[in-house]
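Enquirer: Dumping the structure here so I can ask a few things about it.
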Amino acid sequence: MKQMFRRVERESEIRAAWDRNMRRAASKTARDEEIIKHRRRSSVPNTPAVRANLVQCGVFLNLLHISAGRARRG
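Residue numbers (the UniProt record's numbering): 1 to 74.
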């Protein structure tokens with residue numbers, strides 16, 4: 001009985017840690033998106049290379065966001 005309780009306790013700890021990590025990741029992506037927005041407004045030379053880099057970064061963040069959402073739902 002005690003062992004069973006301990007396992008349930010451990011699982012809830014893991015779940016809580018995982019939730020914390022996901023929340024941290026979500027806030028980090030939000031912060032990154034803010035940084036990117038700010039960079040777009042700032043005086044970065046608007047060369048095709050820079051633009052491609054921003055687009056690539058944006059795509060990566062979107063994928064990260066989608067996979068985070070799917071993992072949470074799964």
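C-beta: ideal position from N, C-alpha, C; glycine also.
How close, in whole Å, do the beta carbons of Ile-36 and Gly-58 come, if the pair is a contact with beta carbons under 8 Å?
Expert: That pair is a contact at about 7 Å.
Enquirer: Nearest CA to the CA of His-65: which residue from Arg-20, Trp-18, Thr-29 and Asn-21?
Expert: Among Arg-20, Trp-18, Thr-29 and Asn-21, the Cα nearest to that of His-65 is on Thr-29.
Enquirer: In angstroms, rounded to a whole number, what distance separates the CA positions of Glu-13 and Arg-20?
Expert: Approximately 11 Å, taken between the alpha carbons.
Enquirer: Could you compute how far the alpha carbon of Arg-31 sits from the alpha carbon of Asn-53?
Expert: Whole-angstrom Cα-Cα distance: 18 Å.
Enquirer: Could you tell me the alpha carbon to alpha carbon distance between residue 109 and Glu-9, rounded to whole angstroms?
Expert: Since the first residue of the chain shown is 1 and the last is 74, residue 109 is not available in this structure.
Enquirer: Please give me, in chain order, every unbroken run of the beta strand (DSSP E) with length at least 3 that falls completely inside the stretch 18-57.
Expert: Counting whole runs of 3 or more residues, the stretch 18-57 contains no beta strand (DSSP E) stretch at all.
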